[in-house]
Ligand code: PLP
């Protein structure tokens, strides 16, 4: 037998392992030092009370013969899909409940969606990039090309008319750069995709962090319904990183190569996915209730304030950065021309603060660094004070 030899083409990603290794070595050599981690991409605040209540009620229902539920619908229960559609409506975007698939998260959907596309398509990702887009397509044997995100475009890559791509991954607000597309810039990608018969896979996992008048969904842009699929997640929106729930939107009119994309994805999900558990779908519905929205916004505001604290320190220090405004991530230029890992060590040793070296997200990340706002307030303030003291010297 043979394994899928495309796996031989994966580049080992040592980023988080190396971060952990260097951090642990430092801690064991310096047990008296308090190390603060601003590298984490996971949430730290608990689920909203109304969400927990709904999940408990759902669990109780499973324990009763009258209310027991077996396999859910492949695309998710109608009342959850309707709640998602109503949520889109709340910011002025019209999508049908029958265009939504409830899933166990955006990572699975971003990775699995490739099942419906041919192996000979060219995939475009922006660099730096969330590694899932790259690795899942290497596993499928697809050719990957890169669009540069850099200081010139505010770390939000734009399409190049001379390049032909078939599948385009966009993430806005972006992980890791925190940059977010405006209506005008996103329209350029939509126009490019429609002109080139390409499909945009739009990852909106961080849309809940948007504060300015920029698109919360690619479907807020004219023309997107004929070229885009949108993935979103409750992970960062409502603290579901461990609970697991997300959704994917596929407009019914999206067609490629003589096929209806919604139908292909339905067939794929019906074959390989048996849905999200009843208590979790109940919890997801609660996120979109009036009370749920109020409660999750309190948590998001907490992270946003952390992001503001970190960004204003960068402003004070005169350090170039993107993000922090519509995003939980602050993507900064390492001071004094330092490399990403050089700055990592410098910050760890001298401020006892841990961040994430940018080059782990792609070539264009070299010389940049990611801080996150998912930590607790006190630690964020203390870390920022230490960074200011160190870099003001
Ligand atoms: N998409 C992006 C851009 C992310 O940064 C993450 C998590 O870090 C995910 C998707 C994963 O989402 P989920 O937890 O729903 O799988």
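Numbering (this note's numbering), first residue to last: 109 to 501. A virtual CB, placed ideally from N, CA and C, is assigned to each residue, including glycine. Values in this document were obtained by computation on a predicted structure and should not be read as measured data.
Exercise. Under the assumption that residue 436 contacts residue 314 (Cβ atoms under 8 Å), give the Cβ distance between them as a whole number of angstroms.
Key: Rounded, the Cβ-Cβ distance is 7 Å, consistent with contact.
Quiz item: Alpha carbon to alpha carbon, what distance is there between residue 255 and residue 512?
Solution: Only positions 109 to 501 of the chain appear in this structure, which leaves residue 512 out of reach.
Quiz item: Taking DSSP as the reference, what is the three-state secondary structure of residue 270?
Solution: Coil at residue 270, not helix or strand.
Quiz prompt | When 479, 449, 420 are compared against residue 440, the one with the closest alpha-carbon | solution = The shortest Cα separation from residue 440 among 479, 449, 420 belongs to 479.
Exercise. Could you tell me the boundaries of the alpha helix (DSSP H) in which residue 136 lies?
Key: First-last of the alpha helix (DSSP H) with residue 136: 123–137.
Quiz item: First and last residue of the beta strand (DSSP E) that includes residue 231?
Solution: Here the beta strand (DSSP E) through residue 231 covers 230–235.
Quiz item: Would you say the beta carbon of residue 283 comes nearer than 7 Å to a heavy atom of the ligand PLP?
Solution: Result yes, Cβ under 7 Å from the ligand PLP.
Quiz item: For residue 247, which residues from the same chain have a beta carbon less than 6 Å from its beta carbon, with the 5 sequence-adjacent residues on both sides left out?
Solution: In the same chain as residue 247, and ignoring 5 residues on each side of it, the C-beta atoms closer than 6 Å to its own belong to 114, in chain order.
Quiz item: For residue 270, which option in 281, 280, 300 has the closest C-alpha, if you only look at C-alpha atoms?
Solution: Nearest of 281, 280, 300 to residue 270, Cα basis: 300.
Self-check item: Cβ-Cβ distance between residue 159 and residue 346 below 8 Å
Solution: Contact: yes.
Quiz item: Are the segment 456–469 and the segment 128–144 touching, with three or more C-beta to C-beta distances below 8 Å?
Solution: Look at the beta carbons and you see the segment 456–469 touching the segment 128–144: at least three pairs across the two are nearer than 8 Å.
Quiz item: In the segment 309–395, which residue ranges form an unbroken beta strand (DSSP E) of at least 3 residues, counting only runs that do not cross its ends?
Solution: You should have 336–341, 354–357.
Self-check item: Residue span of the alpha helix (DSSP H) that contains residue 198, given as start and end
Solution: Residues 186–198.
Exercise. Under 6 Å Cβ to Cβ from residue 80, same chain only, skipping five residues before and after it: list those, please.
Key: The displayed coordinates of the chain run from 109 to 501. Any statement about residue 80 would go beyond what the structure contains.
Quiz item: Nearest-angstrom Cα distance between residue 503 and residue 482?
Solution: Nothing about residue 503 can be reported from this structure: the residues present for the chain run from 109 to 501 only.
Quiz item: Counting pairs of beta carbons, one from the segment 321–341 and one from the segment 124–134, are three or more of them closer than 8 Å?
Solution: Contact check between the segment 321–341 and the segment 124–134: fewer than three CB pairs, one atom from each, fall below 8 Å, which does not count as touching.
Self-check item: Check: residue 311 C-beta below 7 Å from any heavy atom of the ligand PLP
Solution: Distances between the C-beta of residue 311 and the heavy atoms of the ligand PLP include at least one below 7 Å.
Quiz item: Which class does residue 256 belong to by DSSP, given the choice of helix, strand or coil?
Solution: In the three-state reduction of the DSSP assignment, residue 256 falls in the strand class.
Self-check item: residue 290 versus residue 171 - alpha carbon distance
Solution: Those two C-alpha atoms are separated by around 48 Å.
Practice problem: Report yes if the C-beta of residue 341 is less than 7 Å from at least one heavy atom of the ligand PLP; otherwise report no. | Solution: Answer for residue 341: yes, Cβ within range of the ligand PLP.
Quiz item: Is residue 442 helix, strand or coil by DSSP?
Solution: Coil.
Practice problem: Sort out for me which residues DSSP pairs residue 462 with in a bridge. | Solution: Note: residue 462 sits in a beta bridge opposite 145.
Exercise. Answer yes or no: the CB of residue 238 versus the heavy atoms of the ligand PLP, is any distance below 7 Å?
Key: At least one heavy atom of the ligand PLP is nearer than 7 Å to the Cβ of residue 238, so yes.
Exercise. Consult DSSP for residue 492 and reduce its assignment to one of helix, strand or coil.
Key: Three-state result, residue 492: helix.
Self-check item: Of the residues 377, 356, 195, 488, the one placed nearest residue 421, counting alpha carbons only
Solution: Comparing Cα-Cα distances from residue 421 to each of 377, 356, 195, 488, the minimum goes to 488.
Quiz item: Residues bridged to residue 210 by DSSP?
Solution: Checking the DSSP bridge columns, you'll see residue 210 partnered with 355.
Exercise. On the DSSP bridge assignment, give the partners of residue 279 in chain order.
Key: DSSP output for residue 279 lists 311 as bridge partner(s).
Self-check item: Expected contact under 8 Å - CB spacing of residue 224 and residue 372 to nearest Å
Solution: Between residue 372 and residue 224 the Cβ distance is about 4 Å, and since that is below 8 Å, they are a contact.
Quiz prompt | At least 3 beta-carbon pairs within less than 8 Å: the segment 407–421 vs the segment 349–364 | solution = Output reads no: the segment 349–364 does not touch the segment 407–421.
Quiz prompt | Status (buried if at least 16 other CB within 10 Å, exposed otherwise) for residue 333 | solution = Of the residues assessed, residue 333 falls on the buried side of the cut-off, its CB having 16 or more other CB atoms within 10 angstroms.
Quiz item: Is residue 119 buried or exposed, if buried means 16 or more other CB atoms sit within 10 Å of its CB?
Solution: Counting Cβ neighbours within 10 Å, residue 119 comes out exposed, since fewer than 16 surround it.
Quiz item: So the alpha helix (DSSP H) residue 425 belongs to, where does it begin and stop?
Solution: Counting along the chain, the alpha helix (DSSP H) containing residue 425 begins and ends at 398–425.
Quiz item: With C-beta atoms as the reference, is residue 147 less than 8 Å away from residue 285?
Solution: No; because the gap between Cβ atoms is not below 8 Å, this pair is not in contact.
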